[in-house]
Amino acid sequence: MKIVLSHLTKKFPGRGRGSKKKEDVTAVNDFNFEIPDGKLVGLLGPSGCGKSTTLNLICGLQKPTEGQILFDQEDVTELTPQKRGVGMVFQNYALYPHLNVEQNIRFPLENLKGHEKLSKEEMRSRVEEAAGLVQIHDLLDRKPGELSGGQQQRVAIARALVKLPRVLLLDEPLSNLDARLRLQTREEIRRIQQKTAVTTIFVTHDQDEAMSISDLIVVMKEGVVQQIGKPQEVYDNPANLFVAKFLGTPPINIFEGRVEKGSLFIGKEAVLQLKNIPDQPVCVGIRPEGFILQADGPLSCALSRPEVMGRDVSIVSTHPASQNPAIRSIVDAESCEHLVGSTVRFSLNPRKVFLFDKTTEARILFETI
Ligand code: ADP
Ligand code: MG
Numbered sequence: 002m003k004i005v006l007s008h009l010t011k012k013f014p015g016r017g018r019g020s021k022k023k024e025d026v027t028a029v030n031d032f033n034f035e036i037p038d039g040k041l042v043g044l045l046g047p048s049g050c051g052k053s054t055t056l057n058l059i060c061g062l063q064k065p066t067e068g069q070i071l072f073d074q075e076d077v078t079e080l081t082p083q084k085r086g087v088g089m090v091f092q093n094y095a096l097y098p099h100l101n102v103e104q105n106i107r108f109p110l111e112n113l114k115g116h117e118k119l120s121k122e123e124m125r126s127r128v129e130e131a132a133g134l135v136q137i138h139d140l141l142d143r144k145p146g147e148l149s150g151g152q153q154q155r156v157a158i159a160r161a162l163v164k165l166p167r168v169l170l171l172d173e174p175l176s177n178l179d180a181r182l183r184l185q186t187r188e189e190i191r192r193i194q195q196k197t198a199v200t201t202i203f204v205t206h207d208q209d210e211a212m213s214i215s216d217l218i219v220v221m222k223e224g225v226v227q228q229i230g231k232p233q234e235v236y237d238n239p240a241n242l243f244v245a246k247f248l249g250t251p252p253i254n255i256f257e258g259r260v261e262k263g264s265l266f267i268g269k270e271a272v273l274q275l276k277n278i279p280d281q282p283v284c285v286g287i288r289p290e291g292f293i294l295q296a297d298g299p300l301s302c303a304l305s306r307p308e309v310m311g312r313d314v315s316i317v318s319t320h321p322a323s324q325n326p327a328i329r330s331i332v333d334a335e336s337c338e339h340l341v342g343s344t345v346r347f348s349l350n351p352r353k354v355f356l357f358d359k360t361t362e363a364r365i366l367f368e369t370i
């Protein structure tokens with residue numbers, strides 16, 4: 002099922018009175034986008050940017066200040082959560098501690114009324130199916146307190162799936178898991194999503210997590226959508242400085258630069274020749290893989306140390322025009338053999354270099370000569 006958000010806005014009233022009254026918080030600001038049927042969409046942004054509020058609006062736990070939510074052609078904006086057919090998984094799982102796993106999963110089915118009411122037999126087979134999807138058959142008799150974090154997470158997902166929801170919403174579902182389990186569980190979520198083909202929104206502040214499993218990512222900042230696209234497209238073509246900085250590990254390197262007579266300068270060094278860009282100060286973003294070690298390369302940095310990362314090497318260096326305290330460039334191990342002295346020189350891969358307006362932080366597209 003396709004989800005359409007149209008001018009969706011949620012404001013929370015500012016607290017306090019009189020002169021102490023704080024401004025309203027616009028947690029979700031005029032969202033207009035479509036989540037295609039059967040896809041997994043990663044909603045990504047720093048803490049407090051409005052991710053949970055967006056999910057709460059979609060599932061109906063909160064009412065929007067303005068705008069509509071459509072499920073396929075149906076306007077669900079005024080429907081109660083129960084009538085929307087949405088499965089939700091919260092960060093803290095919210096399992097019932099006194100019920101065992103089977104009862105927890107079955108719980109949403111017990112309250113179905115009218116034509117939706119299920120027989121005991123139907124409930125059992127639904128629970129079986131959901132438990133099978135998340136592979137927890139052997140845990141059905143246990144209480145949540147007797148499960149690991151990863152297992153509790155699977156139970157929460159099974160409980161969200163048991164009503165055969167039209168939409169699955171996951172709010173930071175992996176943040177309580179340790180690093181290794183997080184990697185494993187995110188693959189698991191991807192597998193379950195592909196198997197059920199249920200339209201899924203996955204909220205996270207972790208770009209790596211969102212990039213690795215999403216069909217599409219939506220990058221948010223302070224309640225405003227910054228960019229929507231396939232993960233690789235957004236990485237390769239960030240719309241603005243915020244998006245460029247938010248995606249990628251190691252992160253993008255940002256330099257103070259300027260365009261002068263068709264040359265891009267970082268410090269005193271002309272690092273690229275540009276076509277048709279007027280003279281102006283710019284922010285220069287260079288992805289770690291955009292640096293090419295070259296003995297007579299135009300960008301010279303002070304070498305701190307090489308860091309070996311398996312097949313690749315990360316060269317750590319500094320430059321007076323760099324905003325990052327350390328510049329990280331990824332090069333292959335062999336080209337590092339010639340690294341001597343205290344200076345390292347690079348040429349740049351122009352496709353990995355982005356320019357941004359100093360004031361608006363919007364991307365400035367350029368072509369090189
Ligand atoms: P995220 O999930 O991205 O961390 P939230 O959606 O929880 O962000 O919050 C977005 C903004 O809305 C924050 O500034 C938060 O303080 C505010 N907010 C969220 N819920 C409420 C609420 N019930 N009352 C007032 N402000 C809220
Ligand atoms: Mg949240």
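For the sequence shown, the residue numbers in our numbering are 2 to 370. A virtual CB, placed ideally from N, CA and C, is assigned to each residue, including glycine.
Next item on the list: Counting only runs of 4+ residues fully inside the segment 83-139, write out the alpha helix (DSSP H) ranges in chain order.
Entry: 102-111, 121-134
Notebook entry, point to check: So, is K246 buried or exposed, given that buried needs 16 or more other C-beta atoms within 10 angstroms?
Noted result: On the sequence shown, position 245 is the one that residue 246 refers to. Around the beta carbon of K246, 16 or more other beta carbons lie within 10 angstroms, which makes this residue buried.
Check: Taking Cβ positions, are T200 and I4 nearer each other than 8 Å?
Finding: By 1-based counting over the sequence shown, the position of residue 200 is 199. By 1-based counting over the sequence shown, the position of residue 4 is 3. A contact, by the Cβ cut-off of 8 Å.
Next item on the list: Grab me the residues of L294's own chain with a C-beta within less than 6 Å of its C-beta, minus the 5 sequence neighbours each way, in chain order.
Entry: By one-based count along the sequence shown, residue 294 stands at place 293. Answer for L294: V332, S336, listed in chain order.
Checklist line | Own chain residues within Cβ distance below 6 Å of P145, not counting five before or after | finding: Taking the sequence shown and counting its residues from 1, one reaches residue 145 at position 144. Answer for P145: L96, P98, Q153, listed in chain order.
Check: In the DSSP assignment, what residue or residues form a beta bridge with A363?
Finding: Taking the sequence shown and counting its residues from 1, one reaches residue 363 at position 362. Bridge partners of A363 according to DSSP: N241.
Next item on the list: Give me whichever residues DSSP pairs with C284 in a beta bridge.
Entry: If you number the sequence shown from 1, residue 284 lands on position 283. Beta-bridge pairing links C284 to E257, F357.
Next item on the list: Assign H138 to one of two classes, buried (16 or more other C-beta atoms within 10 Å of its C-beta) or exposed (fewer than that).
Entry: Reading the sequence shown from its first residue, position 137 is the one you call residue 138. It is exposed - the Cβ of H138 has fewer than 16 other Cβ atoms within 10 Å.
Checklist line | Nearest-angstrom Cβ-Cβ length linking I267 and V285, presumed shorter than 8 Å | finding: Your numbering for residue 267 matches position 266 in the sequence shown. Your numbering for residue 285 matches position 284 in the sequence shown. That belief holds up - the Cβ atoms of I267 and V285 are roughly 6 Å apart, short of 8 Å.
Notebook entry, point to check: Taking the DSSP output, what are the residues bridged to T200?
Noted result: Here residue 200 is taken as the residue at index 199 of the sequence shown, counted from 1. Answer by DSSP bridge pairing, in chain order: V168.
Check: Hey, out of G298, F292, P321, whose CA is closest to N350's CA?
Finding: Numbered from its first residue, the sequence shown carries residue 350 at position 349. Ranking the options by Cα distance to N350, first place goes to F292.
Margin query: Quick test of your reading: V272 and P239, contact by CB under 8 Å. State the CB separation rounded to the nearest angstrom.
Written below: Position 271 of the sequence shown, counted from the start, is the residue given in the question as residue 272. Position 238 of the sequence shown, counted from the start, is the residue given in the question as residue 239. That belief does not hold up - the Cβ atoms of V272 and P239 are roughly 19 Å apart, past 8 Å.
Notebook entry, point to check: Expressed to the nearest angstrom, what Euclidean distance is found between the alpha-carbon atoms of P282 and I202?
Noted result: Taking the first residue of the sequence shown as 1, we reach residue 282 at position 281. Taking the first residue of the sequence shown as 1, we reach residue 202 at position 201. Going from the Cα of P282 to the Cα of I202 covers about 39 Å.
Check: Closest by CA to V102, which one among L113, V156, I214?
Finding: Mapped onto the sequence shown, residue 102 falls at position 101. Nearest C-alpha to V102: V156.
Next item on the list: Take the Cβ of K11 as the centre, count every other Cβ of all protein chains shown within 10 Å, and call the residue buried at 16 or more, exposed below.
Entry: Stepping through the sequence shown from its first residue, residue 11 is reached at position 10. K11 is buried by the Cβ-count criterion.
Check: Does DSSP classify D207 as helix, strand or coil?
Finding: Position 206 of the sequence shown, counted from the start, is the residue given in the question as residue 207. DSSP places D207 in coil when its eight states are reduced to three.
Note to self: For I158 and I193, which I take to be in contact (beta-carbon distance under 8 Å), what is that distance rounded to the nearest angstrom?
What the structure shows: Numbered from its first residue, the sequence shown carries residue 158 at position 157. Numbered from its first residue, the sequence shown carries residue 193 at position 192. That belief holds up - the Cβ atoms of I158 and I193 are roughly 7 Å apart, short of 8 Å.
Checklist line | CB contact flag (V220, F34, <8 Å) | finding: The residue given as residue 220 occupies position 219 in the sequence shown. The residue given as residue 34 occupies position 33 in the sequence shown. Result no, Cβ atoms of V220 and F34 do not sit closer than 8 Å.
Next item on the list: Indicate, with yes or no, if the ligand MG has a heavy atom lying under 7 Å from the CB of S53.
Entry: Residue mapping note: residue 53 aligns to position 52 of the sequence shown, counting from 1. True, at least one ligand heavy atom lies under 7 Å from that Cβ.
Checklist line | Distance CB(M2)-CB(R183) smaller than 8 Å | finding: Locating residue 2 in the sequence shown gives position 1, counting from the first residue. Locating residue 183 in the sequence shown gives position 182, counting from the first residue. The Cβ-Cβ distance between M2 and R183 does not fall below 8 Å.
Next item on the list: Assess, as a yes-or-no matter, whether the segment 122-134 is touched by the segment 170-178 under the definition of 3 or more beta carbon pairs within less than 8 Å.
Entry: no
Item checked: Opening and closing residue of the beta strand (DSSP E) in which T344 lies -> Stepping through the sequence shown from its first residue, residue 344 is reached at position 343. Counting along the chain, the beta strand (DSSP E) containing T344 begins and ends at 344-349.
Margin query: Quick test of the definition: if touching needs 3 or more C-beta pairs under 8 Å, does the segment 77-85 touch the segment 21-32?
Written below: no
Next item on the list: Taking only the alpha-carbon atoms, compute the straight-line gap between K164 and E67 and give it to the nearest angstrom.
Entry: The residue labelled residue 164 in the question sits at position 163 within the sequence shown. The residue labelled residue 67 in the question sits at position 66 within the sequence shown. Rounded to the nearest angstrom, the two C-alpha atoms are 29 Å apart.
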